[in-house]
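Each residue of the sequence shown is one higher than the one before, counting from 346 in the working numbering. Report on the following structure.
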Amino acid sequence: MAVVDGESISMVVAVAACVAMALFYVLILYAPTVILRLPTATSFSEFLIRRFICAAISTVVSIVFTAFILPIKSRETSLILGVYGIRTDHVWQGVVYPLLLTSLVYAGSLVSKLLFILESCRENDGGCSLFNDIKSFVQTIPAWVLAAASNISFWRNLVVAPVTEELVFRACMIPLLLCAGFKIYTAIFLCPILFSLAHLNHFRELYIKHNRSYLKASLIVGLQLGYTVVFGSYASFLFIRTGHITAPLFAHIFCNYMGLPELYARGKGLVSAAFLVGVIGFVLLLFPLTNPLMYNDRANDCLCWLGYCMWN
Numbered sequence: 346m347a348v349v350d351g352e353s354i355s356m357v358v359a360v361a362a363c364v365a366m367a368l369f370y371v372l373i374l375y376a377p378t379v380i381l382r383l384p385t386a387t388s389f390s391e392f393l394i395r396r397f398i399c400a401a402i403s404t405v406v407s408i409v410f411t412a413f414i415l416p417i418k419s420r421e422t423s424l425i426l427g428v429y430g431i432r433t434d435h436v437w438q439g440v441v442y443p444l445l446l447t448s449l450v451y452a453g454s455l456v457s458k459l460l461f462i463l464e465s466c467r468e469n470d471g472g473c474s475l476f477n478d479i480k481s482f483v484q485t486i487p488a489w490v491l492a493a494a495s496n497i498s499f500w501r502n503l504v505v506a507p508v509t510e511e512l513v514f515r516a517c518m519i520p521l522l523l524c525a526g527f528k529i530y531t532a533i534f535l536c537p538i539l540f541s542l543a544h545l546n547h548f549r550e551l552y553i554k555h556n557r558s559y560l561k562a563s564l565i566v567g568l569q570l571g572y573t574v575v576f577g578s579y580a581s582f583l584f585i586r587t588g589h590i591t592a593p594l595f596a597h598i599f600c601n602y603m604g605l606p607e608l609y610a611r612g613k614g615l616v617s618a619a620f621l622v623g624v625i626g627f628v629l630l631l632f633p634l635t636n637p638l639m640y641n642d643r644a645n646d647c648l649c650w651l652g653y654c655m656w657n
């Protein structure tokens, strides 16, 4: 039995709800100073912690808000959470395959890092020992984990931002749009536009707080918005194809960690070659590695998550 019925939500209601959630996600970030009239944060950590709390509140409100709008027939917890892609089945597939696919775009970056390590080895008089290098790396993991856990930027970039953004802009919005009757490709390209709204506040921070010129702030934010639209489309694609929130979530974390893919490195044609090969591999494997049958069991003549794999 289907968990949701797509005939009960109008397209206007779905779009209005998505826009409201996107705006709420951004505007609540300014609630501590604008609404609550709290004094300005005295440190960067305090500033981000306030934003973490606001983002968490926005996410919970969006999930509850969506649950009231979606015509969810079942009251079983696992099925309700499944609408948001929060599932316990096929978890490793939802993590590993999308990560492998995403890493192909970063083939140039990964090769560049490998070349850097090899160059460092050559400059080292003692040379490099693979065993010793692996042993040293393993020994540094505990210290790295502790350092990361105490780094507020780590929590922002690799935990809070990916989790809250994927839950709001994928898990909440995509079911609304699809159940309202939007075509799948329309939802894939509409959600990223709303996703980009969550980054418009960067213009204010660049223009006012960092004293950048209007033109320079516009160019920086324009580049960021372009990137978020591209990534948002990819994340929406992963969510719809797999039905797992883990797929776009871990891809988001990986991209935030890696930054922009490295296309070129002076004097290192291998980096450009690796990037090109990686992109070709990404295109060729995009559909095979996101085959819904790899992430879902056949049920009620539906091959995947809520029937959304029926591309239209």
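Note that the Cβ used here is the ideal one computed from N, Cα and C, for glycine as well.
Note down the Cα distance separating residue i from residue j, rounded to an integer number of angstroms.
i, j, result
"Cys517", "Ile497", "27 Å"
"Ala525", "Ile598", "30 Å"
"Leu372", "Gly430", "26 Å"
"Val450", "Ala359", "33 Å"
"Cys363", "Leu415", "12 Å"
"Arg396", "Cys466", "42 Å"
"Asp434", "His589", "9 Å"
"Val574", "Ile533", "10 Å"
"Leu374", "Ala618", "42 Å"
"Thr659", "Leu523", "In this structure the chain extends from 346 to 657, so residue 659 is not present and cannot be described."
"Ala300", "Cys600", "There is no way to answer for residue 300, as the model of the chain reaches only from 346 to 657."
"Phe627", "Ala488", "34 Å"
"Ile529", "Glu464", "47 Å"
"Leu629", "Thr635", "11 Å"
"Lys613", "Leu381", "53 Å"
"Leu605", "Phe540", "18 Å"
"Val379", "Phe499", "27 Å"
"Ser448", "Val624", "10 Å"
"Arg432", "Tyr640", "10 Å"
"Val409", "Leu444", "29 Å"
"Tyr552", "Thr531", "The pLDDT assigned to Tyr552 is 49, lower than 50, so where the model puts this residue is not dependable, and the model offers no usable value."
"Leu535", "Thr485", "43 Å"
"Val490", "Ile398", "23 Å"
Looking at residue j and residue i, is the spacing between their C-beta atoms short of 8 Å?
i, j, result
"Ile519", "Phe584", "yes"
"Leu631", "Leu459", "no"
"Phe663", "Ala452", "Residue 663 cannot be examined here, being either before or after the span of the chain that is shown, 346 to 657."
"Gly591", "Gly427", "The residue asked about is misnamed: residue 591 is Thr in this sequence, not Gly. No."
"Ala400", "Glu511", "no"
"Phe527", "Met356", "yes"
"Gly571", "Phe514", "no"
"Leu368", "Pro377", "no"
"Met603", "Ser454", "yes"
Residues in its own chain within less than 7 Å of residue i by CB, not counting five upstream and five downstream?
i, result
"Ala610", "Ser457, Val616"
"Val622", "Ala452"
"Val405", "none"
"Asp642", "none"
"Ser390", "Ile497"
"Ala386", "Phe392, Arg395"
"Pro507", "Leu594, His597, Ile598, Asn601"
"Leu503", "Ile598, Asn601, Tyr602"
Assuming residue i is part of the alpha helix (DSSP H), what are its boundary residues?
i, result
"Met639", "Taken as a continuous stretch (DSSP letters only), Met639 belongs to no alpha helix (DSSP H), as it is neither H nor E."
"Tyr442", "436-450"
"Glu511", "506-511"
"Asn601", "591-603"
"Glu391", "389-414"
"Gly623", "614-630"
"Ala365", "356-372"
"Cys524", "518-524"
"Ile380", "Per DSSP, Ile380 belongs to no alpha helix (DSSP H) and is neither H nor E."
"Phe499", "497-500"
"Leu426", "422-428"
Tell me whether residue i is buried or exposed, calling it buried when 16 or more other Cβ atoms sit within 10 Å of its Cβ.
i, result
"Gln436", "The question names Gln, but residue 436 is Val in the sequence shown. Flag for Val436 reads exposed."
"Tyr442", "buried"
"Glu607", "buried"
"Val505", "buried"
"Ala494", "exposed"
"Ser423", "exposed"
"Arg420", "exposed"
"Leu638", "exposed"
"Phe461", "exposed"
"Thr587", "buried"
Which same chain residues end up closer than 8 Å to residue i when comparing Cβ atoms and leaving out the 5 residues on each side of it in sequence?
i, result
"Leu521", "Ile354, Ala359, Ala362, Cys363, Thr411, Ile414, Leu415"
Beta-carbon within less than 6 Å of residue i's beta-carbon, same chain only, minus the 5 sequence neighbours each way: which residues are those?
i, result
"Met403", "Checking the displayed sequence, the identity of residue 403 turns out to be Ser instead of Met. Excluding sequence neighbours, Ser403 sits near Phe369, Tyr370, Ile373."
"Arg501", "Leu393"
"Pro633", "none"
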